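Numbering (the working numbering), first residue to last: 386 to 777.
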Amino acid sequence: MLRLPVPRPDGGVDLVEHAVRAPVRWPAPEGPARSRTVFAAAHVVPQVGAENVPGAPAVLDWEATLAFRHRLWGLGLGVAEAMDTAQRGMGLDPAATAELVRRSATEAAAVGGAIAAGAGTDQLGPGPHTLAQVRAAYEEQVARVEDAGAQVILMASRQLAAAARDRQDYLELYGHLLRQVRRPAVLHWLGEVFDPALAGYWGSRDVATATDTFVELVHAHAGAVDGVKVSLLDADHERALRRRLPAGVRLYTGDDFNYPELIEGEAVGGRHVHSDALLGIFAAIPHVAAAGLLRLDAGDPAGFRAALDPTLPLARHVFGAPTPYYKAGIAFLNWLDGRQPGYAMVGGLHAARSAVHQAQTFRLADEAGVLTDPQLATRRLRAYLAVHGVDA
């Protein structure tokens, strides 16, 4: 039994009792899912004792960081590397990003694991920058990802959002990149809820207008687009968008609020339409996700939903406003579960969520059966709360 803090309207906290459940033994797959293509956007583990403070270069614990990726591959999930979850633009500097892609791609090749990696423009730093500079930065990172042997994910660019004058600038720049990639790439539309600097992406703050531009781009270069990852946290928008995609172009859901229903899909016009997945929350619940996908492979969508639906309150809490700080929840859950030696993050980002918030993270994870070792998680939570002055 734990006593967990919950907030009061006056800003204080009350302590409520929580009975920790026994661990759920989720079945593990023998290989990748057959019915869906799924990537987990993996986090990074900082080196113990390093000066991973705000503004300092990231120093990673490579053993723990890569071991986590092997865990994802062992559960049949692909790894989406160097994405937002890995703290791109929020602690992971360009040099560490390049090394992360190289090392992870090498490990993926050694075990036959699926890997796709983000290519962006973050080496440019603060602007302003010209479109030619943005294009050159993209080309540099695309070449690095492809030379490492990973599939390219064309990430949304803060520098492009600042430099682009209209939709045509997006169409021309992305079209140039898609004509160059060696294998079909994933286009990533990250909404401003995740990064306010991306407001007005695709040339318009009106989502419908931006979507028209996005769809035009995909149709013009369908042979070079494996899929699109959309992170707008709007299930209705995603359903409408995937009906407009060319045949053979996947929609990788990035909707951490509505993923079970979107991955399950529904019948549309006599055929079943679904989303595949590229999700940050799957870096916190990979064993539950893998078990659910086993049920989909077996033709049991109800079993899939029975596994994944209870994780939704956890995901919605972890990705709650301010959403850019969801990474602190991913790292916290992995620390609770013994996947990293301490609760710390590069850039000092572990301070981005309060002790009250993280206590709720624990409770929701426990209720969803996410914690593989509840006893360890309980000991670690007690220690964490004690540091924050809470006697759990």
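Cβ atoms here follow ideal geometry from the backbone N, Cα and C, with glycine treated the same way.
As the structure is a prediction and not an experimental result, all values here were calculated from the model.
Classify valine 391 as buried or exposed, calling it buried when 16 or more other Cβ atoms lie within 10 Å of its own Cβ.
exposed
So, with DSSP's three-state summary, where would you put isoleucine 666?
helix
Cα-Cα separation, leucine 618 to threonine 763
31 Å
May I have the straight-line CA-CA distance separating alanine 441 from glutamine 472, to the nearest angstrom?
13 Å
Quick check on the DSSP output: what are the complete alpha helix (DSSP H) runs of length 4 or more inside the region 686-756, in order along the chain?
686-693, 697-703, 712-721 and 740-752, all fully within the region 686-756.
Beta-carbon within less than 8 Å of valine 433's beta-carbon, same chain only, minus the 5 sequence neighbours each way: which residues are those?
Excluding the 5 residues flanking it on each side, valine 433 has same chain C-beta neighbours closer than 8 Å at Asp446, Pro726, Gly727 and Ala729, in chain order.
What whole-angstrom Cβ distance do alanine 465 and alanine 504 have, given they're in contact under 8 Å?
About 12 Å separates the beta carbons of alanine 465 and alanine 504, which is beyond the 8 Å limit, so they are not a contact pair.
Could you work out which residue in Ile715, Leu678, His428 and Ala535 is closest to leucine 451 when comparing CA atoms only?
Of the listed residues, the one whose Cα sits closest to leucine 451 is His428.
So, helix, strand or coil for leucine 539, using DSSP?
strand
What's the call for arginine 550, buried or exposed, on a 16-neighbour Cβ count within 10 Å?
exposed
If you draw a straight line from the C-alpha of aspartate 807 to the C-alpha of arginine 765, how long is it?
With the chain represented from 386 up to 777, any question about residue 807 goes unanswered, as that position is not in the structure.
By the 10 Å Cβ neighbour count, where 16 or more other Cβ atoms means buried, how is valine 496 classified, buried or exposed?
exposed
Name, in chain order, the residues that DSSP records as bridge partners for tryptophan 807.
Any answer about residue 807 is impossible in this case: the structure gives the chain only from 386 up to 777.
Delimiting residues of the alpha helix (DSSP H) encompassing histidine 514
First-last for histidine 514: undefined, no H or E at that position.
Below 8 Å, can you find three or more Cβ-Cβ pairs linking the region 633-650 to the region 680-689?
yes
When the Cβ atoms of the region 529-538 are set against those of the region 576-583, are three or more pairs found closer than 8 Å?
no
Take leucine 697 and list the residues in its own chain whose beta-carbon comes closer than 7 Å to its own, dropping the five residues that flank it on each side.
Pro645
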